[in-house]
Amino acid sequence: MKKRQIINILNDLNIDKDKYIITGETALTIYGIIKECDYIFLMCSESIDNEFIKVINKTCNFELVHNFKVESLESLFAKEENKTLKRKIEDLILIKDNHHFENELYNKGYKLIAGTDEAGRGPLCGPVVAAAVILPHNYELSGLTDSKKLTEKQREKYFEIIKKDAISYSISIIDNKKIDEINILEASRLGMNTAVDSLKVKPDFIITDAMDLRRENSLGIIKGDAKSITIAAASVLAKVTRDHIMDEYDKIYPQYEYKKHKGYPTKRHLELLEKYGILDIYRTTYGPVKIIMEENNE
17 MKKRQIINIL NDLNIDKDKY IITGETALTI YGIIKECDYI FLMCSESIDN EFIKVINKTC
77 NFELVHNFKV ESLESLFAKE ENKTLKRKIE DLILIKDNHH FENELYNKGY KLIAGTDEAG
137 RGPLCGPVVA AAVILPHNYE LSGLTDSKKL TEKQREKYFE IIKKDAISYS ISIIDNKKID
197 EINILEASRL GMNTAVDSLK VKPDFIITDA MDLRRENSLG IIKGDAKSIT IAAASVLAKV
257 TRDHIMDEYD KIYPQYEYKK HKGYPTKRHL ELLEKYGILD IYRTTYGPVK IIMEENNE
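Numbering (this note's numbering), first residue to last: 17 to 314.
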């Protein structure tokens with residue numbers, strides 16, 4: 017079925033905007049035409065669609081049109097008792113609307129909203145990097161989401177665009193020594209707060225990816241880097257900056273292959289550690305590093 021045919025079928029349903037959900041095999045096709053069809057608010061992935069089928073079989077409150085299953089969100093929430101599935105639906109809605117939290121804050125009178133995130137909690141070596149960014153009101157950047165879900169090429173592209181478009185941005189680097197001194201959670205919190213405090217423009221409110229900054233006018237959002245465009249932008253700045261640092265380490269210590277694993281505890285990385293030993297850039301409080309140091313009497 018061609019794109020225009022799909023749009024025509026959906027328009028012929030005469031359903032209210034933002035009140036219906038489409039599931040089924042065609043959902044992924046619909047995703048590509050969302051901006052051309054005002055009537056569709058959310059498309060489910062195929063994995064969650066399998067769970068919806070169980071729900072839909074309990075009711076006839078949907079129409080089947082050319083393999084599109086259309087159901088009222090209101091009726092779905094009213095009858096669904098599975099709280100886990102409900103949460104998944106709510107998450108999907110928020111991910112599709114990645115201005116939700118920003119818009120709520122704008123409506124409360126906040127004008128300059130900073131998003132902050134970190135990269136590098138899990139690696140055995142190198143720094144944890146945090147970034148903070150303030151984007152223009154209603155800023156759009158198609159495809160921007162959690163940096164972990166983007167390719168390296170996409171991250172590099174967004175990295176340059178975000179730096180150019182941001183009202184203000186800042187990047188903070190917390191080295192491995194500080195991580196060992198205060199632990200990775202506190203190092204991440206320190207990095208985020210430092211990045212926020214280093215912004216040349218002072219924000220009215222700060223949103224983070226599930227981190228309590230322990231400061232006024234801030235909010236930690238679970239899966240924030242997927243639900244908020246501002247946090248997503250910060251996640252890209254942090255991730256790309258840290259990757260660049262690890263690439264530099266790769267030039268200095270090519271035998272450790274940092275460009276490939278970025279310091280994460282992959283099987284290959286652990287093999288190289290066993291072979292070449294622990295460098296000064298490693299986090300000595302991390303389990304795998306401690307074990308190898310003990311084995312080598314370091």
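Backbone N, C-alpha and C fix where the C-beta goes; we use that ideal spot for every residue, glycine too. Given the structure is predicted, the values throughout are model-derived calculations rather than measurements.
Exercise for the section: Find out if the Cβ-Cβ distance for the pair Ala146, Ser204 is shorter than 9 Å. Expected result: In this structure, Ser204 lies closer than 9 Å to Ala146 by Cβ.
Handout entry: Cβ-Cβ separation, Tyr174 to Val252 (assumed contact under 8 Å), whole Å
Key = Indeed, because the Cβ distance is near 5 Å, the residues count as touching under 8 Å.
Exercise for the section: Go ahead and pull the three-state DSSP assignment for Met309. Expected result: Helix, per DSSP.
Handout entry: N-terminal and C-terminal residue of the alpha helix (DSSP H) that Val217 is part of
Key = Secondary structure note for Val217: it is in no alpha helix (DSSP H), with a DSSP letter that is neither H nor E.
Exercise for the section: Determine the DSSP secondary structure at Ile294, reduced to helix, strand or coil. Expected result: In the three-state DSSP reduction, Ile294 falls in the coil class, being neither helix nor strand.
Exercise for the section: Specify, as a first and last residue, the run of the alpha helix (DSSP H) that Thr257 falls within. Expected result: Note, Thr257: alpha helix (DSSP H), Ile245 to Ile268.
Problem - Nearest to Gly240 (by Cα), restricted to the options Met227, Ser186, Tyr272 and Pro152 - result: Checking every option, the nearest Cα to that of Gly240 belongs to Met227.
Handout entry: C-beta atoms of Ala249 and Ile178 nearer than 9 Å
Key = Yes, the Cβ-Cβ distance between Ala249 and Ile178 is below 9 Å.
Practice task
Give me the Cα-Cα distance between Tyr292 and Lys306, rounded to the nearest whole angstrom.
Solution key: Rounded to whole angstroms, Tyr292 to Lys306 spans 15 Å at the Cα level.
Practice task
Take the Cβ of Phe78 as the centre, count every other Cβ of all protein chains shown within 10 Å, and call the residue buried at 16 or more, exposed below.
Solution key: Any reading at Phe78 needs caution, since the residue's pLDDT is 46, under 50, leaving its predicted position unreliable; the model's value is listed next. Buried, by the Cβ-count rule.
Practice task
Leaving out five residues on either side along the sequence, give the residues of the same chain with a beta carbon under 7 Å from the beta carbon of Asp192.
Solution key: Here the sequence assigns Asn to residue 192, which means Asp is not the residue at that position. Cβ neighbours of Asn192 beyond the five flanking positions: Cys141, Gly142, Pro143, Ile297, Tyr298 and Arg299.
Exercise for the section: Please classify Ser204: does DSSP put it in a helix, a strand, or coil? Expected result: Note: Ser204 maps to helix in three-state DSSP.
Exercise for the section: Using beta-carbon positions only, say whether Ala211 and Ser234 come within less than 9 Å of one another. Expected result: Not a contact, by the Cβ cut-off of 9 Å.
Handout entry: Cβ pair count under 8 Å reaching 3, the stretch 257-265 against the stretch 278-286
Key = The stretch 257-265, when compared against the stretch 278-286, does touch it at the 8 Å Cβ threshold.
Exercise for the section: My understanding is that Val149 touches Thr246, with C-beta atoms under 8 Å, so please give their C-beta distance in whole angstroms. Expected result: Contact between Val149 and Thr246 holds: their C-beta atoms lie close to 6 Å from each other, under 8 Å.
Problem - Where Asp241 sits in the DSSP three-state scheme - result: Look at Asp241 here: in three-state DSSP terms it is helix.
Practice task
For Ile294, collect the residues of the same chain with a Cβ closer than 8 Å to its Cβ; drop the 5 residues on either side in sequence, then sort them by chain order.
Solution key: In the same chain as Ile294, and ignoring 5 residues on each side of it, the C-beta atoms closer than 8 Å to its own belong to Thr300, Val305, Ile308, Met309, Asn312 and Glu314, in chain order.
Problem - Under the three-state DSSP convention, the category Asp191 falls into - result: Looking at Asp191 - three-state DSSP - the assignment turns out to be coil, as it is neither helix nor strand.
Handout entry: Endpoints, the beta strand (DSSP E) within which Asp113 is located
Key = Here Asp113 belongs to no beta strand (DSSP E), and DSSP marks it neither H nor E.
Exercise for the section: Note down the Cα distance separating Lys124 from Ile222, rounded to an integer number of angstroms. Expected result: Roughly 14 Å separates the two Cα atoms.
Problem - Limits of the unbroken beta strand (DSSP E) element including Asp181 - result: That residue, Asp181, is in no beta strand (DSSP E); its alpha helix (DSSP H) goes Glu168 to Asp181.
Handout entry: Under the three-state DSSP convention, the category Leu157 falls into
Key = In this structure, Leu157 counts as coil in the three-state DSSP scheme.
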